[in-house]
Amino acid sequence: MEFAIWAYPWDLLDEGVELVAERLAELGIGEVNLATNYHTVQTFHPHNPERSTFFAYPSAYFHPDDEYGRLRPVTNETMGDADWLDQIVEDIEDTHLDLNSWTIGCHNSRLGMANRDLTIENPYGDSLVFGLCPSKPEVQEYLTSLLADLDQRAPFRRIELETFDYFYGTGFGWHHDKFHVELGDLGEFLFGLCFCEDCRAAAADSGIDVDRARADCVETLDDIASGGLPSDVDVAGWIVDHPEVLAFAKSKAETLTALFEDLRTAVNDAQMGYYIANLGTEDSWKHGADLRKLSPHVDYYTALAYGSDRQEATADVRTAQSMTDTPIHAGILPGYPIVEDGATLSDIVDGFVETGAERISFYNYGLLPDRNLDWIGDATGPYR
Ligand SMILES: [Zn+2]
């Protein structure tokens, strides 16, 4: 069993890579999933010697090369002339740790605000700036260039992809959200379903009645808002009654699969993994991800199995395993608000091992208090 931990560059640099490596060795951790290109973030760091918090707009924690098209990552403003990734690559070489890239793709409000025509266009025709649409050739070029850049600049063991898909919903907590209608699972999905020109064209090519699908979405959202339809309406049942919407949503899987084929060719030296659909394995289709179709183009999937107990956490992994033969890795948050104590974490890790998951990642080094890090050491103990 292999164990990894997510981390931010400042987690490693503020404490010192060597010291962090020593601490992680005690915990049985052999890999760091390092944030390299990231979304907006505001943190609380309970054990960082230099800072209690870090705020950043979407940014890269390295200086991108010149091989980008219209979209390119914006370097983090606080980094100056330094290059956090370069520095960590250099410092980590002398430790036992393998380095992986934790890479955010389409969830980028900064690039979205500056390029509204490349964002998700919801059924009402409005731009959702938190999500770039992967049907857009410019976005595809950005994602491919980003992976090629990362693959060439650092000896990553793995390059892991987060939100390299259709990021629907209300934005995962964007600034000062004002949603005073309970959208529910169905409403969240429909509100963020992309009907941009490229998504519409791809679906129309497959013979889908896009106007019908769009009208169904708007009508349903209006019904939820007016109270005519309960927000907890069963999504599966609704979708059976609205086959054009299902066909439209599923048509995105073709586009995403073709994109992943290109992404794979951009990554030569590292393994490539995909984080399954932001905390909902069974919802991956809503993000345009068909795990079977994507399988030839990834080395593994990570199920973000953030369950509060063994049964809940392992169910996510087993669901993922039932959807694909590609190896499944598991991710868990061993702290608030998911896991309450060390015994539960140990039980969850035992459960992950039992599922046959090949690797477990813990979220995340700089955000967890020391006592939670100790839980990790206890949980990994039997498998070292
Ligand atoms: Zn689109």
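First residue of the sequence shown: 305, per the numbering used here; consecutive thereafter. Built from N, CA and C at the ideal position, the CB exists for glycine as well.
Using the C-alpha atoms, what's the distance from residue j back to residue i?
i	j	result
Arg376	Asp385	18 Å
Trp388	Asp395	10 Å
Pro641	Thr347	15 Å
Glu548	Ala517	5 Å
Val443	Glu558	16 Å
Val522	Asn419	24 Å
Pro459	Thr340	13 Å
Tyr669	Met417	30 Å
Pro534	Ile528	6 Å
Leu563	Tyr312	27 Å
Leu450	Val643	34 Å
Val537	Gly660	35 Å
Val657	Gly541	34 Å
Leu671	Tyr687	24 Å
Ser665	Asp594	23 Å
Glu306	Ile333	8 Å
Leu275	Thr448	Examination of residue 275 is not possible in this model, given that the chain is present from 305 through 688 alone.
Ala647	Thr569	43 Å
Leu415	Asn380	13 Å
Thr524	Phe552	15 Å
Ser439	Asp678	43 Å
His400	Ala329	8 Å
Glu322	Asn337	16 Å
Asp489	Val539	7 Å
Leu690	Asp674	The first residue shown for the chain is 305 and the last is 688, placing residue 690 beyond what the model contains.
Val514	Met627	28 Å
Asp430	Gly496	10 Å
Gly532	Lys554	27 Å
Val602	Ser530	43 Å
Ile680	Asp520	47 Å
Val776	Glu662	Residue 776 lies beyond the stretch modelled for the chain, which goes from 305 to 688, so this question has no answer here.
Pro427	Cys498	7 Å
Leu403	Asp526	47 Å
Gln391	Asp509	48 Å
Ala683	Pro350	21 Å
Tyr342	Gly685	32 Å
Asp651	Ser356	31 Å
Tyr578	His479	26 Å
Tyr365	Leu649	31 Å
Gly655	Trp589	26 Å
Asn352	Gly435	31 Å
Check whether the Cβ atoms of residue i and residue j lie closer than 7 Å to each other.
i	j	result
Ala308	Glu335	yes
Cys500	Cys437	yes
Ile580	Tyr605	yes
Asn572	Asp645	no
Val433	Ser413	yes
Glu445	Gly373	yes
Pro631	Asn676	no
Asp587	Ala607	no
Trp314	Phe358	yes
Phe493	Tyr472	yes
Thr474	Phe468	no
Glu354	Asp318	yes
Thr407	Leu465	yes
Thr585	Ala624	yes
Gln575	Arg462	yes
Gly511	Leu560	no
Pro362	Asp453	no
Chain D beta carbons: is any one of them nearer than 7 Å to that of residue i?
i	result
Arg376	Among the chains in the structure shown there is no chain D, since it carries only a single protein chain.
Taking 6 Å as the cut-off, is the CB of residue i close to at least one heavy atom of ligand 2?
i	result
Tyr669	Although ligand 2 was asked about, the structure shown includes only ligand 1 as ligands.
>> Residues around ligand 1, please: the condition is that the C-beta lies closer than 5 Å to some non-hydrogen atom of it.
In response: Cys437, Ser439, Cys498, Cys500 and Cys503
> Can you list, in chain order, the stretches of the beta strand (DSSP E) that have 3 or more residues and sit fully within the segment 469–528?
Replying inline: none
> Do three or more CB pairs link the segment 609–618 to the segment 497–507 at distances below 8 Å?
Replying inline: no
>> Extract the residue ranges of the alpha helix (DSSP H) inside the segment 626–684, only unbroken runs of 4 or more that lie entirely within it.
In response: 646–659 and 674–684
>> As an exercise, report each continuous beta strand (DSSP E) stretch of at least 3 residues that is fully enclosed by the segment 554–612, in chain order.
In response: 575–579 and 604–608
>> Does the contact criterion of 3 or more C-beta pairs under 8 Å hold for the segment 533–545 versus the segment 597–604?
In response: no
>> Just to confirm the assignment: which complete beta strand (DSSP E) runs, minimum length 3, are found wholly within the segment 409–433?
In response: 423–425
> Does the segment 419–430 come close enough to the segment 345–365 that 3 or more CB-CB pairs lie under 8 Å?
Replying inline: no
>> Could you tell me which whole alpha helix (DSSP H) segments of length 4 or greater appear in the segment 428–468?
In response: 441–457
> At what residue ranges does the segment 347–422 contain a whole run of the beta strand (DSSP E), taking only runs of 3 or more?
Replying inline: 402–408
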